[in-house]
Each structure stands twice: as C-alpha cells, then as structure tokens.
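Here's the structure, in structure tokens; my notes come after.
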Amino acid sequence: MKDSSVTTTAPRPRRVIWAPSCEQISSSQMSDFMSWLALHRGIQNTTYRELLDWSVNNLSEFWDSIREYFDVAGEGFTTPALVDDRMPGAVWYPDARLNYAENILRNAVGATGSGVAIVDITEDGVSTEITWGELNARVAALAAGLRARGVGVGDRVVAVLPNNPEALIGLLASASIGATWCICAPDLAPTATLDRLKQLEPVVLIGSLGYQFNGKWFDRRGHLLEIEAGLPTLRHTIVVGGAATGTRLSFDEALVDGAEAQYARVPFDHSLWVLFTSGTTGAPKGIVHGHGGMVLEALKIFGLHFGMDASDRYYVAANTSWMVWNTILGNLMTGASVVTYAGSPVYLRPDHQFDIVATNAVTMFGTGAAYLRLLQATGVSPDREWSLGALRTVMSTGSALPIATYEWVHDDVSSAIQLSDVSGGTDICSAFLGSNPLEPVIAGRLQGPMLGVAIEVRDESGMPVIGEVGEMVVTRPMPSMPTCFWGDADGSLYRSAYFDVFPGAWTHGDWIMEAADGTFEVLGRSDATLNRGGVRLGSAEIYGALQSVAGVTDALVLGIELPDGGYHLPLYIVLAEGIQLDDILRAEIVAAIRQHASPRHVPDVIKAAPAIPVTHAGKKVEIPVKRLFTGPDPTKVDRGALANPQSLDWFIEEAQRFRAAHETKTASQRKDNDVA
C-alpha cells in the first residue's frame, strides 16, 4: 500500500533550459558508444532510455563493454565482469589485475606527452603548466622515492594538502605502487584530521607548511607538528614548500630523478583510497574504494556522460576533503587537462571562478550548488563579464539546485551550456543520478539515472512509486560501491549503513521523486526529513521557495520533536548585508513558502542567524544542529568537520534558549494541572 501521508508540492511550470542539437547528439561519445555496441556486440540502442534499460538489465556485459570500449589497461579480464551480483558481496573480475595510476598516465605516452595535463592557478592569477610527460616523470620519481623508503603494496600514504599538483602527484604515486591513499584538507582541525588518519596507521605523511586563502597566508607549521605527533606509525614526513629538517624530507628531495614509471597491477578490488564521512553525526567512517571500480566509473561518467577527452579542460575549486576533488583524477583518466586552484572561490569578487573558467578555456566547470545559488542571489551575470565560448558543461552537486538557479544559469551564464545537476556521494565516489548528452534539461529536474545504475523510489512499505516522494534505492550493484569500511572486520557497519532498511538493496538516505518522464527531483536527506503532524515535508522545498525572496542568502530549517508530543518547525535565515528581518520580510517569506511549497511548510518561527553551519563540502548540517535542541551535549558535535565551526556557537545558544523556554512552559503546565 502506498503511503498516503506523502505530499508533493503543487507543480511549478517547468522550462527546458537546454536541448542537444542533432549535431551534438550525433557527435557525442555516448552516440559513438552505441554505434560501437551495435558493431562489436550486436546491441542495438537508439535512445538514451534504451541504452539505460539495457545497461541495468545486463550489468556484466555493460561494464565489460565499458572496459573494452575505453581499452582499460590491465590483464586477466577473462571472466564476466560481474561474477556474483549479491549486495553486499558483489564480485567483479576476480582474475583481473590493473592499476588506477597506469590507466591515467598512459595518456602521457607518445605525442600526447607534450600536451598540458595540469594548469595550477594562484589566487592572483599566476599559472603554471605541467605537461603529461612532466606529470608522468614526477609521479615515477615520487613513487621511486616512496619505494626506496620501504613503502609497498597495502601500506598507507596520507596527505594534508590543498588542491595543488603535489596532491595529484602524491595520489598517483601512491596508487602506482599499490599503496592506499587518503587526503585531508589543511583547514580541517588537527583533532578532526587525526580522527581520520590515525585509523589508517599510515607510514608516510605528505604535508605543507601553509597555504593562501582569500588573500591571507595560513601558517600550518604547528598544525603539521600536531598531526605528526598523533600518528605513531609514521616513518617519514614529506613537506611541500619547505626545506628538509630533521626527519622530514622536502617534496623535491623525496623524488628520484630519472626513475622509470612502474605500476603494481593489483586485484580489481584492491584498496585505492579511503574517503571519510563528514563525522558530523558520529566518528568518521573510512569508505574504501578499489582500483577497478574507480577506473570504470571515471570512464563511464566523464567519458560517456560528459564526453570529456584530450581536447577538453576541467576545473573545480574543490576542497581536498570533499570527494568532488577526486573528479579531477576522473577527468585526467579521459585524457582531459585539469585546473588546480587552492584559493578562495570568491576571492575579491563572488564570480571569481568564472574568471578562471574564461582565462583558461575551461570546457567543463564543476561546482557546488551553494556557489551557484550565491551568484544568483548577488545578481551577477558572468556572460556580461567574460567570454565563455569554450564552456560546454556546468556540473552542479552537493545539494539540491532550485528551479530559479537553473534558470539563472541559462539566462546569465549561457543558454548554450548544459547544466548537469548530479547526485552521488562519498559512498560511491561517483553519481547515481545526473545528466546525459542525448536528452533535454528541464529546470529543477535531474535528467535521470546514470548508465548501469538501477534506481527505484520506494515508499515506507518498500513498494516502488512514481510521482511520489520516497527513499532512493539502488537494486543492483555498482563497481564503485565500497569494497569495505576501514576497520569493519565483519562488515556489520557496512551492512547497517546501506542494507538494513531494504535487505539486498542499497538505501542511500536520499529523499527523491521520479516523474512520469523518467526525470528526478532530489529533495534532501531522508534522515533530515521534516514530519509535521504525520506529514513528511522536504527541507529542499522550503529552501527552493526562499530563492524568490530578495535579501535571504542562506537558510536552515529544523523539525524538532518535543517531549510532550508536539512539533516545532523553526526557520533560520542568513540575510544580505544591510537587510533587517522585520514583519514585512517575515510576511514575504511566509507568502513565498505558501506559494512555492505549501501552507504545511510554513515555519512556526523565523529567525535571523549570522551563518549556517556547513561541512567542508558545503552541505548544511541539519541533523547535528537539530540534536542541539533535543538533548545531546553540544561539545559532542565535531567542530573539525565543519567549514565554519564558529557558526555553531550561535545555534548552541539558541538551543539553550529554546530548551530553557520549553522547560519553563512545561513546568507551568504541570503547575496548572496540579492546581486543576
């Protein structure tokens, strides 16, 4: 039986903001792949939906066709791609051996070696180019240096670095020798960094003495010392931007000049890297991904869905603690060049990133939805400032993108750009839902599942639904699903994270809706769902409604269950400079929510907050903030997992005021009852 309590908002008029031309469709790599399938495998597909259906119904053949089409370097691909399709416990290519770094650096062979692989940009616009040949040589030199210091297959190499070439070189060198990599951003607090890295018992740390951000130099010498002291298994520290001192090596000193590239070909599921969960709702969990899964997913996503190749350039200003940083490596896998940038995305002006895009002829720009919403709110029009003719794709991720922001990209960036709203996660270091080059983009909707991703929307009874909001469930395995959680010997944490709700199927924790045409809406995390009077409401619907209210730059809505059975729905907003929250603005906010969401979405109270707590990936931390209001000690919230930890102080005080007021009210009610 379907859950009749699920509500959806009244439909807002949808606008097609991009549609591929016949020439774009025929010249896309996706179309070439379909032609290849017809020629080499006798598989006839003429539309994206036909190809999608074939891919999810024939997983083993689909993924093996990806391997063959992109000519993945390796050996032992003699079995079917998927030998056992259980979840968890799927078995991919049991006899295969390959190496992630080899599959990237083969792009350095031959004439392509002289082409640019990396362009490193500083905040003030100084750029440094690294060719494919130079990248290959530096990776080989660092890998030789690591091997000379005893690092081998299965050892852990960790880094605390910003988004710079040394971070990419470190990852590739680690992968090339079969070691396991993990990186944290240098702005992550030492305690939060150690909460992650100490679990791995690393033998080598690559760190930096400081970095520049928003025009300011951040000295991280003390930070690095604290991390070294907290990692007793360390044998060596390699320092970027500093001289060798004591037991430390400079990055250049760790290189072995003239070393030849060597690659340890490892099993398909051999540990490539560990990505950690945010840690805002408990101890950070280490998500382990394998070499093979990351190779195949990168080629599928960036090669087919985004059509990236050696003629393209990718840029994303991602913090290295965010899995979106790993998309830089995914684009290198296709032969595309990439831009690294460790500075502030809004240095000197909010649309600074479009200066980087234009100056460096970027063809694909990756960013967080929060950044696009910020630009929309400030009223800038990048198309009036810069020539963006090279830009073909804007990839948005991290949170739901409102309809108004889709329209802003079309109207104020370029109508020729495909806005690719994607939804994935650290869990798979890839995407479940996103874009494809063969179908139009409708404002407010993700185009559909990525190839090979079997998605259902299920209601609370576990029944698939269309046109209703429900849990996003993946019913068949993906090669990029984690091989394990670090330290989870019996797999119990892994199973409980994804497979407890619907045994045998992956429940991701996203609340989504599938429309009749196969497009999707992502409405937020299901574990942060608002539930007012038994009716589930989406926080994303409220945030989307606020896009029409001038002066509101950010917001956080909470659903607080009260001990007496009541329910409190406060809305906290951040206002633009010079804007005051008065009765007129409150009325405008309420009207917008009523119009664009529903009367049920109207909050009980609206308050102005100085800032909204977000993770380093720019995601609102609704659940940890909610817990401040419902009992836990505020000191148990991991501030190190936040990009703006000081923002939590205001909410701690607000929670204390709320709890005190509610306790006073409850005491008064008890007194009245006693008198009665």
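Numbering (our numbering), first residue to last: 79 to 754. Idealized CB from N, CA, C, for every residue including glycine.
Taking LEU65 and THR597 to be in contact with their CB atoms under 8 Å, please state how far apart those CB atoms are, rounded to whole angstroms.
-> In the structure as shown, the chain begins at 79 and stops at 754. Residue 65 is therefore absent and cannot be evaluated.
Could you tell me the distance, in whole angstroms, from the CA atom of GLN340 to the CA atom of ALA257?
-> Within the sequence shown, residue 340 is the residue found at index 262, counting from 1. Within the sequence shown, residue 257 is the residue found at index 179, counting from 1. So the alpha carbons of these two residues sit roughly 13 Å apart.
Which whole-angstrom value describes the C-beta separation of THR483 and LEU450, a residue pair presumed to lie in contact below a C-beta threshold of 8 Å?
-> Against the sequence shown, residue 483 aligns to sequence position 405. Against the sequence shown, residue 450 aligns to sequence position 372. With 8 Å as the limit, THR483 and LEU450 qualify as a contact, their Cβ atoms being about 5 Å apart.
Would you list, in sequence order, the uninterrupted beta strand (DSSP E) runs of no fewer than 3 residues that lie entirely inside the stretch 631-678?
-> Listed in chain order, the beta strand (DSSP E) runs fully inside the stretch 631-678 are 648-653, counting runs of at least 3 residues.
For PHE577 versus MET165, is the C-beta spacing smaller than 8 Å?
-> Looking up residue 577 in the sequence shown gives position 499. Looking up residue 165 in the sequence shown gives position 87. Yes. Within cutoff.
Is it buried or exposed for SER558, if we count other Cβ within 10 angstroms and need 16 for buried?
-> In the sequence shown, counting from the first residue as 1, residue 558 sits at position 480. It counts as buried.
Same chain only: Cβ atoms within 7 Å of THR405, ignoring 5 sequence neighbours per side | By one-based count along the sequence shown, residue 405 stands at place 327. Excluding residues up to 5 positions away in sequence, VAL394, GLY444 lie with their Cβ nearer than 7 Å to the Cβ of THR405 in the same chain.
DSSP three-state call for GLY370: helix, strand or coil?
-> Working through the sequence shown from its first residue, we reach residue 370 at position 292. If DSSP states are grouped into helix, strand and coil, GLY370 belongs with the helices.
Where does ASP162 sit, in a helix, a strand or coil, going by DSSP?
-> As a first step, residue 162 is located in the sequence shown; it is residue number 84 there, counting from the start. It is a strand residue.
First and last residue of the uninterrupted alpha helix (DSSP H) at GLN496 | For the purposes of this step, residue 496 is taken as the residue at position 418 of the sequence shown. Here GLN496 belongs to no alpha helix (DSSP H); instead the beta strand (DSSP E) covers 496-499.
Can the beta-carbon of ALA245 be found closer than 8 Å to that of TRP210?
-> Sequence index remark: in the sequence shown, residue 245 carries index 167 (1-based). Sequence index remark: in the sequence shown, residue 210 carries index 132 (1-based). Not in contact: ALA245 and TRP210 (Cβ atoms no closer than 8 Å).
Could you tell me which of ARG274, VAL472, THR631 sits nearest to THR441, measuring between CA atoms?
-> The residue labelled residue 441 in the question sits at position 363 within the sequence shown. Nearest C-alpha to THR441: VAL472.
Alpha carbon of PRO158 to alpha carbon of ARG127, nearest angstrom = Numbered from 1 along the sequence shown, position 80 holds the residue referred to as residue 158. Numbered from 1 along the sequence shown, position 49 holds the residue referred to as residue 127. Between the alpha carbons of PRO158 and ARG127 lies a distance of about 24 Å.
Completely contained beta strand (DSSP E) runs for the stretch 429-498, where each covers 3 or more residues = Listed in chain order, they are 442-446, 471-475.
Where do the ends of the beta strand (DSSP E) carrying VAL235 lie?
-> As a working mapping, residue 235 is identified with position 157 in the sequence shown. Start and end: 234-238.
Residue closest to ASN181, alpha-carbon to alpha-carbon, out of ILE196, VAL161, ARG145 | Numbered from 1 along the sequence shown, position 103 holds the residue referred to as residue 181. The shortest C-alpha separation from ASN181 is found at ARG145.
According to DSSP, residues forming a beta bridge with PRO555 = On the sequence shown, residue 555 is found 477 positions in, with the first residue counted as 1. Beta-bridge partners of PRO555 (DSSP): none assigned.
Rounded C-alpha distance that separates ILE305 from THR271 | To locate residue 305, count along the sequence shown from 1; it is residue 227. To locate residue 271, count along the sequence shown from 1; it is residue 193. Using only the alpha carbons, I get a separation of about 7 Å.
Name the DSSP beta bridge partners of CYS262, please?
-> In the sequence shown, residue 262 corresponds to position 184, counting from 1. According to DSSP, CYS262 shares a beta bridge with VAL238.
Secondary structure at GLN290, three-state DSSP: helix, strand or coil?
-> By one-based count along the sequence shown, residue 290 stands at place 212. Residue state, collapsed to three classes: strand.
Could you check where the alpha helix (DSSP H) with TRP132 kicks off and where it finishes?
-> Residue numbering aside, residue 132 sits at position 54 when the sequence shown is read from its first letter. 126-135 is the span of the alpha helix (DSSP H), which, as asked, contains TRP132.
Give a yes or no on contact between the stretch 579-591 and the stretch 550-569, applying the rule of three or more CB pairs nearer than 8 Å.
-> Three or more pairs of CB atoms, one per stretch, sit closer than 8 Å, so the stretch 579-591 contacts the stretch 550-569.
So, using beta-carbon positions, are SER143 and LEU115 closer together than 8 Å?
-> Against the sequence shown, residue 143 aligns to sequence position 65. Against the sequence shown, residue 115 aligns to sequence position 37. At the C-beta level, SER143 and LEU115 come within 8 Å of one another.
Do you know offhand how far THR156's Cα is from TRP170's?
-> Indexing the sequence shown from 1 puts residue 156 at position 78. Indexing the sequence shown from 1 puts residue 170 at position 92. Those two C-alpha atoms are separated by around 11 Å.
Does DSSP classify MET401 as helix, strand or coil?
-> Along the sequence shown, one-based indexing puts residue 401 at 323. MET401: helix per DSSP, three-state reduction.
Is it true that the CB of VAL217 sits closer than 8 Å to the CB of ALA251?
-> Here residue 251 corresponds to residue number 173 of the sequence shown, with the count starting at 1. Here residue 217 corresponds to residue number 139 of the sequence shown, with the count starting at 1. Inclusion of ALA251 and VAL217 in the CB contact set at 8 Å is warranted, their separation being smaller than that value.
In angstroms, rounded to a whole number, what distance separates the CA positions of ILE95 and GLU599?
-> Mapped onto the sequence shown, residue 95 falls at position 17. Mapped onto the sequence shown, residue 599 falls at position 521. Whole-angstrom Cα-Cα distance: 16 Å.
Can you list, in chain order, the residues of its chain whose CB lies under 8 Å from that of MET108, leaving out five sequence neighbours each side?
-> Counting from 1 along the sequence shown, the entry for residue 108 is found at position 30. Only TYR126, LEU129, LEU382, HIS383, GLY385, ASN514, PRO515, LEU516 meet the Cβ criterion.
Cβ neighbours of VAL235 in the same chain (closer than 6 Å, five flanking residues each side left out) | Working through the sequence shown from its first residue, we reach residue 235 at position 157. Cβ within range, chain order: SER252, ALA257, TRP259, VAL282.
Is HIS740 helix, strand or coil when you go by DSSP?
-> Here residue 740 refers to the residue found at position 662 of the sequence shown. The answer is helix: DSSP assigns HIS740 an H, G or I state.
ARG93, enclosing alpha helix (DSSP H) - first and last residue | The sequence position of residue 93 within the sequence shown is 15, counting from 1. According to the DSSP assignment, ARG93 belongs to no alpha helix (DSSP H), since it is labelled neither H nor E.
What residues are listed by DSSP as bridge partners for ARG536?
-> Within the sequence shown, numbered from 1, the residue matching residue 536 stands at position 458. Beta bridge pairing from DSSP links ARG536 with PRO542, GLU549.
Where do the N-terminal and C-terminal ends of the beta strand (DSSP E) with TRP589 fall, by residue?
-> Along the sequence shown, read from residue 1 onward, the residue named residue 589 stands at position 511. From DSSP, the beta strand (DSSP E) with TRP589 extends over 584-592.
Below 8 Å, can you find three or more Cβ-Cβ pairs linking the stretch 428-436 to the stretch 399-413?
-> The answer is no - the stretch 399-413 does not touch the stretch 428-436, with fewer than three Cβ pairs under 8 Å.
Local conformation of GLY612 per DSSP, three classes | Counting from 1 along the sequence shown, the entry for residue 612 is found at position 534. With a pLDDT of 49 at GLY612, under the threshold of 50, the modelled position of this residue cannot be trusted; read the value that follows with caution. Of the three classes helix, strand and coil, the one that applies to GLY612 here is coil, per DSSP.
With DSSP as the reference, label PHE707 as helix, strand or coil.
-> Counting from one through the sequence shown, the residue named residue 707 turns up at place 629. Judged by DSSP in its simplified three-state form, PHE707 adopts helix.
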